[in-house]
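Participant:
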């Protein structure tokens, strides 16, 4: 496998993990979030500083970065998730910008706007790809469960969901927590892939890029989000031969798809991955069959 191919695999898996959380929060719970880059920044800097300054092993640093992203979402989510529609999107946008400015001003720890260099790196993309597949499987099964159906009910009509005894605030916070958890993990993976991070990597353009991927694939489909990540992460590289016209063609293709398929690339269609119950049944069947032999 060439370095070029490894780089595409790294970036695709990193974007997928972040987009999965955003798909759950925005596409299935109905809370339009523009603060994904802020959670990624928290995960990236926590993981990078632990690995660089305290020599913490990268897997443990990644877990800490992921938990940091998830835990910070709780005090942010409790007040902001009470906001409706555009107001919540604006609040999360403000949160992401606040995180970026705080990082820039903590120069003695984060390196400020100059960035944080010499971060221990991950060389092999296999583990990152496996993490992306596991994250997809877990989110897909969560959405297929009773809890996921409650999230969809909240998206469709929050008042009706409350009338049938669904704790809407609780499910919104859980979705926001999962989103922060996955965004923190993807931010940490990005830091350990590049080996260098700076606040400008986690600005508004990053949040916008991730939102575009969710909408492009289909707001109501995790499978669509996965396909959108693969296409939109690989497309700029495949168009590199077009030189200065690369991003123009990229934007034109995105606009074309959204005009032709306003519901997203796959709409609400989902890949029928095996659920926990099916997997457990398959394992039990083969274990019993083997023991009888």
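In the numbering used here, the protein residues as written are 438 to 730.
Glycine included, each C-beta is placed from N, C-alpha and C at the ideal position.
Taking buried to mean at least 16 other C-beta atoms within 10 Å of its own C-beta, is residue 560 buried or exposed?
Facilitator: Result: exposed.
Participant: Are the region 609 to 625 and the region 661 to 669 touching by the rule of at least three beta carbon pairs closer than 8 Å?
Facilitator: no
Participant: Go to residue 600, then tell me how far its alpha helix (DSSP H) extends in each direction, as first and last residue.
Facilitator: 595 to 600
Participant: Quick check on the burial criterion: 16 or more other C-beta atoms within 10 angstroms. Buried or exposed for residue 453?
Facilitator: By the neighbour-count rule (16 or more Cβ atoms within 10 Å), residue 453 is buried.
Participant: Given a cut-off of 7 Å, decide if residue 650 and residue 666 are closer than it, judged by their beta-carbon atoms.
Facilitator: yes
Participant: According to DSSP, residue 634 sits in a beta bridge with which residue or residues?
Facilitator: 553
Participant: From 597, 498, 635 and 696, pick the residue whose C-alpha is nearest to that of residue 541; which is it?
Facilitator: The option with the nearest alpha carbon to residue 541 is 635.
Participant: To which residues of the same chain is residue 571 closer than 7 Å at the C-beta, ignoring the five residues directly before and after it?
Facilitator: Apart from sequence neighbours up to five positions away, no residue of its chain approaches residue 571 with a beta-carbon distance below 7 Å.
Participant: Can you tell me the Cα-Cα spacing of residue 574 and residue 686, whole angstroms?
Facilitator: 32 Å
Participant: For the candidate residues 469, 625 and 510, whose alpha-carbon lies nearest to that of residue 557?
Facilitator: 625
Participant: Whose C-beta lies closer than 8 Å to the C-beta of residue 445 among residues of the same chain, with five residues either side of it excluded?
Facilitator: 670, 671 and 674
Participant: Taking the CB atoms as reference points, tell me whether residue 633 and residue 552 lie closer together than 7 Å.
Facilitator: yes
Participant: Does DSSP classify residue 698 as helix, strand or coil?
Facilitator: When secondary structure is reduced to three states using DSSP, residue 698 falls in the coil class, being assigned neither helix nor strand.
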